[in-house]
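For what it's worth, full-length UniProt numbering labels the leading residue of the sequence shown as 1, then goes sequentially.
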Amino acid sequence: MESAFVVSVKPPPQRAPGRARRVYAAVGAVCPGLVVAAAVALPASWLGALFPTVGGAVSGIVAGAGVGVVLRRILAPRHSERLRPGFTTAGRHVLQASIVLLGAGLPLGDVLRVGAGSLPVMLGTLAVALGGAWLVGRLLGIDPETRLLIGVGTGICGASAIAAVTAVVNAAQARVAYAMGTIFTFNIAAVLLFPPLGHLLGLSQEAFGLWSGTAINDTSSVVAAAYAYGTPAAAYAVVVKLTRSLMIVPICVILQIWQSRRRRAGREAAPGRGVWGAFPLFIVGFLAASAVATLGVVPASWQSAISATSTFMITMSLAGIGLSLNPSQIRDAGPRPMLLGAVLWIGVGGTAIGLQALTGRL
Numbered sequence: 001m002e003s004a005f006v007v008s009v010k011p012p013p014q015r016a017p018g019r020a021r022r023v024y025a026a027v028g029a030v031c032p033g034l035v036v037a038a039a040v041a042l043p044a045s046w047l048g049a050l051f052p053t054v055g056g057a058v059s060g061i062v063a064g065a066g067v068g069v070v071l072r073r074i075l076a077p078r079h080s081e082r083l084r085p086g087f088t089t090a091g092r093h094v095l096q097a098s099i100v101l102l103g104a105g106l107p108l109g110d111v112l113r114v115g116a117g118s119l120p121v122m123l124g125t126l127a128v129a130l131g132g133a134w135l136v137g138r139l140l141g142i143d144p145e146t147r148l149l150i151g152v153g154t155g156i157c158g159a160s161a162i163a164a165v166t167a168v169v170n171a172a173q174a175r176v177a178y179a180m181g182t183i184f185t186f187n188i189a190a191v192l193l194f195p196p197l198g199h200l201l202g203l204s205q206e207a208f209g210l211w212s213g214t215a216i217n218d219t220s221s222v223v224a225a226a227y228a229y230g231t232p233a234a235a236y237a238v239v240v241k242l243t244r245s246l247m248i249v250p251i252c253v254i255l256q257i258w259q260s261r262r263r264r265a266g267r268e269a270a271p272g273r274g275v276w277g278a279f280p281l282f283i284v285g286f287l288a289a290s291a292v293a294t295l296g297v298v299p300a301s302w303q304s305a306i307s308a309t310s311t312f313m314i315t316m317s318l319a320g321i322g323l324s325l326n327p328s329q330i331r332d333a334g335p336r337p338m339l340l341g342a343v344l345w346i347g348v349g350g351t352a353i354g355l356q357a358l359t360g361r362l
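What follows is the structure, encoded as structure tokens:
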């Protein structure tokens, strides 16, 4: 009797697409939009350097919005949609990378030591900005995201703070535009009005540096107003402003924790996330870069290049946001965000002067 041996041969498994192929496809999807965002950011950065009161960030979002309108009119919808992944990557991931790089120019030790005397004024104005944004914005019927962006932009450091918070909360692009437009308007007003008001109040160089460093939104406007008052005022204002910029870190961490708890409300937390799940990676990177700068590892000769690169990346990211904007969404906002910005700007400026008087810093 013959015995039969049956050998079953399994067909070879289907090969999944390789990692290199997936990476290539992802890069190919985002490259067209990234190239357009970078192309818009180049002239916007030049304009920002030419007109520092305006700044590259504002130029980037305005230029991006204008170019976006043109592209939507001249390109077929399918070609226009091909650019969107790159715009989104610029508005989110390039933005986060720019904030990490920004940390390399903010040595924690030096800034905290020199700026410690400004903390009472700084914390008071931040409380007024955030509390006022919540209360006044609510009374005006402004949505929570726009309130938050205008509040942190006014209370911390203008476009950079708006950029950092946008990277955490993933705010709608139209709301970023409202906040940027509001901050830009009051940057211009501060540069024009603060120096004559400082002379009218009889402020010393150091007192004006503290006032402008805590009450003016963007760094470029702080520098412009303080230099108009005097070189000693500008030197002090820059240090105060750098210290104030560090408030981005706790604000972003608090926002991330709040968002994580809100997302998990009503359901069990995802396994393995723990405490670290509440910390956005770019904030961890920002802190690590600041720690490296504090240790003196980053040569002083690199600081100007780091600052220029970070500024260009922020401009590029905001150009990406502008390129994705729909102008009708901005028109629908009406005058209420601007009114909120005016109330906060006046409140922060008045609070700063009042706290300087109380602490003997006038």
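In this text, a Cβ means the ideal position worked out from N, Cα and C, and glycines have one as well.
{"Item": "Coil, strand or helix - Ile142 by DSSP", "Value": "coil"}
{"Item": "Straight-line gap, Glu145 to Ala171 (C-alpha atoms, nearest Å)", "Value": "6 Å"}
{"Item": "Residue closest to Thr309, alpha-carbon to alpha-carbon, out of Ala104, Val69, Pro77", "Value": "Ala104"}
{"Item": "Ser118, buried or exposed, once every other Cβ within 10 Å from all chains shown has been counted against 16", "Value": "buried"}
{"Item": "Selection from Gln256, Leu201, Ile188 that minimises the alpha carbon distance to Val223", "Value": "Ile188"}
{"Item": "Selection from Ala289, Ala90, Ser59, Gly64 that minimises the alpha carbon distance to Leu34", "Value": "Ala90"}
{"Item": "Gly334 to Val152 span [Cα, whole Å]", "Value": "20 Å"}
{"Item": "Touch test, the region 30–48 against the region 293–304, Cβ-Cβ under 8 Å, three pairs minimum", "Value": "no"}
{"Item": "Ala235 versus Leu102: straight-line alpha-carbon distance, rounded", "Value": "19 Å"}
{"Item": "Counted within 10 angstroms of its Cβ, other Cβ atoms place Gly28 as buried (16 or more) or exposed", "Value": "exposed"}
{"Item": "Exposure label - Leu203; buried when at least 16 CB within 10 Å", "Value": "buried"}
{"Item": "Inter-residue spacing [alpha-carbon to alpha-carbon] between Pro232 and Val238", "Value": "10 Å"}
{"Item": "Sub-7 Å separation of Gly86 and Pro43 beta-carbons", "Value": "no"}
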